[in-house]
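Working notes, beginning with the structure itself.
In the numbering used here, the protein residues as written are 1071 to 1484.
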């Protein structure tokens, strides 16, 4: 628990009060804009806003009728349980959000069982394809393993819903295999190396592809999930070795800066050949690709394996971001993915587990920056890049307590 910030709670409440009626938000639930505004999208649809209201109910700041209206809006269309389904879209999204509601009310249990059955089925199909790809010796695509679309996202749901179930262990076993060298490969590249660009498509700008470090689409998310599972006593064969291999890769590319250690968001084949990255590769301190997400994953890894030195390095990296005005000024957005809200929520979680109070001491100033950034932010309602996500981070700041609905498990912060 950290010190509550009343102005943050007031701002979160003000945002939530503007997101009460789905019908009053004309574009929500209609495909368009950034292409994410579909009701069953966690990133940009009604499902994400439902999560905001569920968290408020769980902490005594909202009512179930509003949460129910948004849940109903989220299931307006036929739910996807096909190839495009993942933690951020389709049946797995609704399972994640409904689980957050059912844990408290008990009245969504029947719907949750159906959603869970669909999500387990999709997960098994995705696992079969992933193992077949590894058996062939082919390179991975990010959508196979990442948090937003891939099996790490499925694992985040299963670890929360039924940590000791066979399906949870199956996802962890796949991540262990992902961390092993690719059979038949002689180039020394890790199994999670992709032959494509950052958007998932081949590009002449990425000859030889790239290795992604980020929490949203890179190897930080599998590391975080493996570490969270180990912390909860869910361990599969090769588990510790997998954490060790990923950490060794991160160690090899750890960079030095006067403010503290940092990691690139990604590296290319050229970086591999040269053995270094340029300082210009220093990402803004965002959750998705920047040092904060990677630092949280490594803090969790240090906690899981008893590696105090790694944990302290991760905390120093986060503290360096928070104390460097030049880095903070690069966050021009307010949202969870690319902006100040994501940095705040990551820092809050790290502060709760840190060896020293230094990160916690920075939280009030960071909340002030978030509030200032909010005043000039576009009035987008969505969770990942819009006001619903900002409100959730401000709610954490305002209450000073860990989210009771566990909403930030979708960011793999917990």
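Glycine included, every Cβ here is placed at the ideal spot set by N, Cα and C.
task: Ignore the nearest five residues each way along the sequence and tell me which others in residue 1475's own chain have a CB closer than 6 Å to its CB.
output: Closer than 6 Å at the Cβ level, and outside the excluded window around residue 1475, lie 1124, 1125, 1128, 1170.
message: For the alpha helix (DSSP H) containing residue 1361, name the first residue and the last one.
response: That run of the alpha helix (DSSP H) goes 1361 to 1375.
- request: Pull up the CB-CB distance for residue 1358 and residue 1407, whole angstroms please, since I reckon it's below 8 Å.
  value: Contact between residue 1358 and residue 1407 holds: their C-beta atoms lie close to 5 Å from each other, under 8 Å.
query: Would the beta-carbon of residue 1379 fall within 8 Å of that of residue 1315?
result: Going by C-beta atoms, residue 1379 is not nearer than 8 Å to residue 1315.
field: Closest by C-alpha distance to residue 1092, when choosing among 1113, 1134, 1142, 1211
entry: Comparing Cα-Cα distances from residue 1092 to each of 1113, 1134, 1142, 1211, the minimum goes to 1142.
field: Contact check, residue 1117 vs residue 1163, beta carbons under 8 Å
entry: Yes; because the gap between Cβ atoms is below 8 Å, this pair is in contact.
query: If you drop the 5 nearest sequence neighbours on each side, which residues of the same chain put their C-beta closer than 8 Å to that of residue 1335?
result: The beta carbon of residue 1335 lies closer than 8 Å to those of 1282, 1283, 1284, 1288, 1351, 1353, 1359, 1360 in the same chain, with the five residues before and after it left out.
task: Tell me whether the beta-carbon of residue 1151 lies closer than 8 Å to the beta-carbon of residue 1161.
output: Yes, they are a contact pair.
task: Please report the residue range of the alpha helix (DSSP H) in which residue 1227 lies.
output: 1221 to 1231 is the extent of the alpha helix (DSSP H) around residue 1227.
CA-to-CA distance, residue 1376 to residue 1098, given in whole angstroms: Confidence at residue 1098 is low in this model, with a pLDDT of 47, below 50, so its placement is unreliable and no value can be given for it.
message: Run through the DSSP bridge pairs and tell me what residue 1276 is partnered with.
response: As far as DSSP is concerned, residue 1276 takes part in no beta bridge.
query: Taking the alpha-carbon positions, what's the residue 1299 to residue 1233 distance?
result: Within the model, the alpha-carbon separation for residue 1299 versus residue 1233 is close to 8 Å.
message: Based on DSSP bridge pairs, tell me the residues matched to residue 1337.
response: Looking at the DSSP output, residue 1337 bridges to 1281.
- prompt: What separation, rounded to the nearest whole angstrom, lies between the Cα atoms of residue 1106 and residue 1446?
  reply: A caution first: residue 1106 carries a pLDDT of 49, below 50, which makes its placement in the model unreliable, though a value can still be read off. Each residue's alpha carbon lies about 22 Å from the other.
message: Quick check: what's the CA-CA separation for residue 1457 versus residue 1181?
response: So the alpha carbons of these two residues sit roughly 28 Å apart.
message: In the DSSP output, which residue or residues are listed as bridge partners for residue 1159?
response: Listed as beta-bridge partners of residue 1159 by DSSP are 1111, 1156.
query: Exposed or buried, what is residue 1187 when buried is set at 16 or more other beta-carbons lying within 10 Å of its beta-carbon?
result: Classified as exposed, residue 1187 has fewer than 16 neighbouring CB atoms from the shown chains inside 10 Å of its CB.
query: Should residue 1193 go down as buried or exposed, given a rule of 16 or more other Cβ atoms within 10 Å for buried?
result: Per the 10 Å Cβ criterion, buried.
query: With a CB to CB cut of under 7 Å and the five nearest residues on each side skipped, what residues in its chain are close to residue 1139?
result: The answer, listed in chain order, is 1092.
message: Under DSSP, the alpha helix (DSSP H) around residue 1316 begins and ends at which residues?
response: Where residue 1316 is concerned, the enclosing alpha helix (DSSP H) stretches over 1309 to 1322.
message: Which of the three DSSP states is assigned to residue 1184 in this structure?
response: In the structure shown, residue 1184 sits in a helix (DSSP, three-state: H, G or I).
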